[in-house]
Every structure is written in structure tokens, then in C-alpha cells.
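For the record, the sequence lines run as chains A and B.
Add 12 to the 1-based position in the first sequence for the working numbering, that's all there is to it.
Add 1 to the 1-based position in the second sequence for the working numbering, that's all there is to it.
For glycine and all other residues, C-beta sits at the position ideal for the given N, C-alpha and C.
Please read the structure below before turning to the comments.
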Amino acid sequence: MTEQTDFVEIRHAQKSFGTLEVLKDINLTVRRGQIVGIIGSSGSGKSTLLRAINDLDPLTGGEIWLDGVQVNKKLPHRQYEKHINAMRQQVGMVFQHFNLFPHMTARENVTMAPMLLKKISREEADALAREQLDKVGMLNRIDYYPSQLSGGQKQRVAIARALAMKPKLMLFDEATSALDPELVEEVNMVMKQLAEEHMTMIIVTHEMDFAASVCDRVLFMDKGVVVEEGPPEVLFRNPAKERTREFLRKHLEGAK
Amino acid sequence: MGLDFSIVPKYMDIILLGCAWTIGITVAAALLSFVGGIVFAVIALFSPWIIRQPFRLLEWVFMGTPLLLQLFLIYFGLVQIGIDLPAFVAGIIGLGLHFAVYNSELIQTAILAVDKGQMEAARTLGLSRGEALRKVVIPQAVRDVIPPIGNNMIALLKDSALVSVIGVSELTLSAQRVIGKTYRPFEFYILAAAFYYVINLGMEWVQRRIERRISISR
Ligand SMILES: Nc1ncnc2c1ncn2[C@@H]1O[C@H](COP(=O)(O)OP(=O)(O)O)[C@@H](O)[C@H]1O
Ligand SMILES: [Mg+2]
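What follows is the structure, given as C-alpha cells:
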């Protein structure tokens, strides 16, 4: 099992909400440092898959492994809670609507979890906040509240907040979809920078150009299945499946 | 016998002492009702059935019966089972718990209204549900209900006059005592009313300051 397991491994993932089957036998492996993009029309199950990885939406079938440890392993309730909180600390998540804590400054948003969970001192927390906010170009807004920031700035603080837990894996769920067009680039820049630092990332996006430029591999999902996957230059330029072609064609028309 | 406020200064010290008691009891009961309101809200929303059900009964008692009766019960009733509280402590507990139940209703609604994404963001960072509630959800819920809680606290100030019936010399009882000596009800009731009004203004001022401070962080 240990010899060359993939960093993230999703095996036969199945998820139903009541009678609605949202994920149907999904398999996905991500190697350390790899960047995987997920595209697909709304309702195809992209968010559900991403949220299953850190157990926000627990799977109803299948397994998720991270760095040799099964995320959704069967444990008694108490133990499972401990286990899942520890797993989540290793996985950063960035949401479409930022979900910054409005009652905390940028600094407090970044330091709250590390101070609480890793028991770092105030001095260490301060250095951490500066380091992470500087990384996303938000050091000059360190004592601002979310309500005083633009959408792009909020999202950059949200990325800093996730990075402050030093995650092994970052999940992005349409991180730029809620932003005004002119604010998209500043967030994409931060994600590109993470890519250069070889952060392992799974990125749900509807920006094909961005996916093509940062991802090593792109998955096209439709109705709860992975229809096709491959390197972006193949998937975007020369897709094998008719459903992929149709999606890309529609998307291209929509973008015009 | 016309109005004559010239005798007021002679009894001013008694009235001011009454004022001090009213302020002290109101502030202490307000703090109790605030902290109690948060605790009650968490119990009502998140505790297991075995704790929640008896708690519901307690809540019903505090909401469904007169505050006056509750004060009598705490002050005179508890003595019978060996709990002999000073009158002002009984008053603070009675007022505090009574209004804690009302605050709890507000805070419960506010907790449920906090965006679900807040809990999710906290959980993805690795916080337990309890930690997420304490650090993220409840602080926001409490901020959202500062204005209506402020209204409850004004009501609490007015109801603090009820503790006079268990013998706490707060503002109303002090005025009555002075009137007993001077036979000047009009002057001293007016004076007491004026002091209630001033305390009221003070509370509204504090509330506005708190609201201004938190307006940026929501
Ligand atoms: N909590 C939920 N309860 C019921 N249905 C859900 C829930 N979350 C998502 N769904 C449904 O699952 C399907 C996939 O949703 P989602 O993963 O959000 O798709 P995508 O992110 O690709 O737009 C949709 O039909 C959606 O309505
Ligand atoms: Mg989605």
C-alpha cells in the first residue's frame, strides 16, 4: 500500500442526496505537486466532489485517501471527529463566496485557527499573518475587516487564511466566479504563484483559459461522472468525447 | 398644598443611593441575562434531549409566569430549602434569569440565521463544531442581536423597580420611603421618574457606542 501511493486518491466515490445520485463511481488520483482542474456545467457534481475530499459532504460510497491515510475511514463517532478535524487541517479550502469571518480583521482571520489548533504564540501568529498576507499582496490591509475589502481582496485573504494552516492540499471551488471581471486576475495571480511553488491543488473553475494555463490535468464532469480527462492541451483542443466537445462549444459561445 | 421642590435637596442622598442600587442591580442583571442568554440558546439548540427537555420547562416558567412571582419564589421560597439569599442577590438572579430567557430567544434565531458558509469555513480549517460555534458563529449571532437585546435591557431597567417588593432599597422604594416621611408623593415620584429617564439615556448611549464599534465588523 505504501509503495508509490498517490497523494490524493479517490476510489469509486459515490454520493447521493436522498434519491438523487450526484456522484457516480468517480475515480481520481492526484500526485504530489500536481494541479488538477475540474470543469463541467452547473449541477454536474463538481462542488460535491471537492467537498467530499474534506468530508463537508461525506460520501455515501467509496474511499478518499490523502497521503496514505483514508479520510473517510469508519470510526466510532468521537474518534471520527478527531480524525476528520486532523485531516481537515491538512486540506485548505477556498469557497466561491469567500466565507471570511466578518467579525475578524484580515490578521485575525488568518491567525484564529493556527492559534486555536496549533497553540502558536501571539508573536508567532503575528509573523504568520504577515507572511501569509504578504504572500497574497494583502499585508497593507492586515487590520482591515472583510467589509472594508473588495471581492478580490477578500478572496486573497481567504487564500491566506487557508495557507496559514500549512495545508498539503488546496481545494478551490470556483474561487473567482463571484468576482467582478476586473478583480479575477489578482486572484488568479495568487493561484499561479502557488502553482509555481508546487502546491498540490484541485481547482474547480469555469475559466478555461486559466485552467489551460495552470493545470497539469483537466477533468470534465457531467451528471456525476468524469466523462473525460487529460492534459489541458488535449482536452481543450482535441477532446475525444462528443459530450466534452458540446460543453466546450456551448461554453465558448457563452463567453462571447 | 402646591408643588414644592425645595425640600428635595434634603432627601437627595437617599434618592441617589436608591439610584446607585438601581444601576448596580440593572447592570449585574443585564450581564447575567446576556451570558445566560447565550448559554440558554446553546442548550436549547445543541444539547441532547435529556438536558433540553427539563430546560424547556424552566424556560416556560420564566416566560409564562409573572416576574413578581418569580422574585417571591427565589427570595422567600428558596429559604424553605435552605437557600437564604440576600434580597439584592435574589433580585439580580430573578431579573437576570427572566431576561436571559428572552435574550436566549433572540440569540437562538440569530445563531440559526448566520450564513452556513461560516460554519463550513471554520470546519474546513479543522475546528470542531463546538470551537466553530464559540469562535465564529456565536460572536456573529450576538453582534446581530445587540439592538433588540438593548431593548430588553431597557425593559429590565424598568422591571428592576419590582425588586422593591422584596425590600431592596432601589430607586422606587427609596422614593416611597421619602414620601412616607414627607407626604410629597408628586415631587418625589417625578424625581424618581427623571432619574429613570437619565439612566435610560445612559443605557442608550452605551448601546449606541457598542453598535458603532461593531458596525464595521459585520
Ligand atoms: N446538500 C444538498 N442536498 C441536496 N442536493 C444537493 C446538495 N448539494 C448539492 N446538491 C445537488 O447535487 C447536484 C450537484 O451539485 P454541485 O456539486 O453543487 O454541482 P456543481 O458544483 O457542479 O454545480 C445538484 O443537482 C445539486 O442540486
Ligand atoms: Mg459548484
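In this structure the region 166–178 of chain A touches the region 103–110 of chain A; the number of beta carbon pairs closer than 8 Å is three or more.
Phe29 of chain A: member of the beta strand (DSSP E) spanning Val20 to Phe29, first to last residue. Under the three-state reduction of DSSP output, Ile154 of chain A falls in the coil class, being neither helix nor strand. Annotation: Cβ neighbours of Pro114 of chain A in chain B (cutoff 8 Å, chain order): Gln141, Ser218 and Arg219.
For the region 127–155 of chain B, the beta-carbon criterion of a distance under 7 Å to any beta-carbon of chain A is satisfied by Gly127, Leu128, Ser129, Glu132, Lys136, Val137, Pro140, Gln141 and Arg144. With a cut-off of 8 Å, the C-beta of Met233 of chain A is classified as near ligand 1, since at least one heavy atom of the ligand falls inside that distance. Interface annotation for the region 96–125 of chain B against chain A: Gly118, Gln119, Glu121, Ala122, Arg124 and Thr125, criterion Cβ-Cβ distance under 7 Å. With respect to the 9 Å criterion, Gln160 of chain A and Ile217 of chain B are classified as neighbours on the basis of their beta carbons.
Distance between Ile16 of chain B and Ser175 of chain B, taken at the CA atoms: about 6 Å. For chain B, the residues of the region 111–141 of chain A that bring a beta carbon within less than 7 Å of one of its beta carbons are Asn111, Phe113, Pro114, His115, Met124, Ala125, Leu128 and Leu129, in chain order. For Phe184 of chain A, the enclosing beta strand (DSSP E) covers residues Leu181 to Asp185. Here the residues close to ligand 1, judged by CB distance below 6 Å to any of its heavy atoms, are A:Phe29, A:Leu32, A:Val34, A:Gly52, A:Ser54, A:Gly55, A:Ser56, A:Gly57, A:Lys58, A:Ser59 and A:Thr60 in chain order. Taking 8 Å as the Cβ-Cβ cut-off, the region 53–68 of chain A approaches chain B at Asn66 and Leu68, given in chain order.
Using a Cβ-Cβ cut-off of 9 Å, Ile215 of chain B counts as an interface residue toward chain A, since at least one Cβ of chain A sits closer than that to its own.
A direct Cα-to-Cα measurement between Asp228 of chain A and Asp185 of chain A gives close to 17 Å. With a threshold of 8 Å, the Cβ atom of Gln108 of chain A counts as near ligand 2, since some heavy atom of the ligand is closer than that.
For Met177 of chain A, there is no enclosing alpha helix (DSSP H), as DSSP gives it neither H nor E. In the DSSP assignment, Ile214 of chain A is bridged to A:Val48 and A:Leu183. Distance from the CA atom of Ala31 of chain B to the CA atom of Gly97 of chain B, rounded to whole angstroms, is 6 Å. At a threshold of 8 Å, Asp185 of chain A counts as near ligand 2, since its beta carbon sits closer than that to one of the ligand's heavy atoms.
Glu60 of chain B has its alpha-carbon roughly 42 Å from the corresponding atom of Tyr184 of chain B.
The C-beta of Met177 of chain A comes closer than 9 Å to at least one C-beta of chain B. When beta bridges are read from the DSSP output, Asp234 of chain A appears opposite A:Val237.
The alpha carbon of Lys147 of chain A has as its nearest neighbour, out of A:Met127, A:Val42, A:Glu135 and A:Val122, the alpha carbon of A:Val122.
Two segments are said to touch when three or more pairs of C-beta atoms, one from each, lie closer than 8 Å; by this definition the region 208–228 of chain A touches the region 41–48 of chain A. Rounded to whole angstroms, Pro193 of chain A and Ile50 of chain A show a C-alpha spacing of 21 Å. As DSSP reads the structure, Thr41 of chain A sits in a beta bridge with A:Glu21. Judged by beta-carbon spacing, Leu79 of chain B lies within the 9 Å limit of Leu86 of chain B, meaning their Cβ atoms are closer than that value. Beta-bridge analysis with DSSP links Gln141 of chain B to no other residue. In this structure, Val216 of chain A has its beta carbon less than 8 Å from a heavy atom of ligand 2. When C-beta atoms of the region 67–83 of chain A are compared with those of the region 244–263 of chain A, fewer than three pairs fall below 8 Å, so the two segments do not count as touching. Leu35 of chain A is bridged by DSSP to A:Lys27. Between the region 128–140 of chain B and the region 161–179 of chain B, the count of Cβ pairs shorter than 8 Å is below three; the stretches do not touch. Between the region 118–138 of chain A and the region 148–156 of chain B, the count of Cβ pairs shorter than 8 Å is below three; the stretches do not touch. Residue-level contact check: Phe184 of chain A does not touch chain B, since none of the beta carbons of chain B fall below 9 Å from its beta carbon. Collapsing the DSSP output to three states places Glu75 of chain A in a strand.
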